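Residue numbers (the numbering used here): 34 to 179. Glycine is no exception: its CB is placed at the ideal position from the N, C-alpha and C atoms. This one's a predicted model, so the numbers in the text were calculated from it and none came from an experiment. Here the structure comes first, spelled out in structure tokens, and everything after it is commentary.
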């Protein structure tokens, strides 16, 4: 049901609440089905399937501090999902690769992610999705300037 107030602050609030609900759904499913947090999924999905990624490049893909990412990668490594190796091109750098178990979990959890997102958007038609995408793209250029 549409809110009686459709000003920018009310719409922003709706977006935040909807995002929080979707993240909660993802978090619950990831935890129950894969033993993952949404943040761990975000890291796994941003590591290429078949090639290592520099930790600093991975950091650009996710919303974590360098130290938080390092701790999370250590936990994933302890669980046998990733391997961290010294970067041969940058002595201070680290490269991160998925293990076979990490690739398997990445695939399985990506399916769960797609199911949750599909369910969240199932009430929208193709035209609705196109319109929503266009509105988001319209907001994007000014969002970073606020």
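Item, Value
"Buried or exposed (CB count within 10 angstroms, at least 16 for buried), residue 81", "exposed"
"Unbroken beta strand (DSSP E) run spanning residue 116, endpoints", "115-120"
"Assigned exposure category for residue 135 - 16 Cβ within 10 Å defines buried", "buried"
"Outcome for residue 63 when other beta-carbon atoms lying within 10 angstroms are tallied against a minimum of 16", "buried"
"6 angstroms CB neighbourhood of residue 126 in its chain, flanking five on each side removed", "87, 120"
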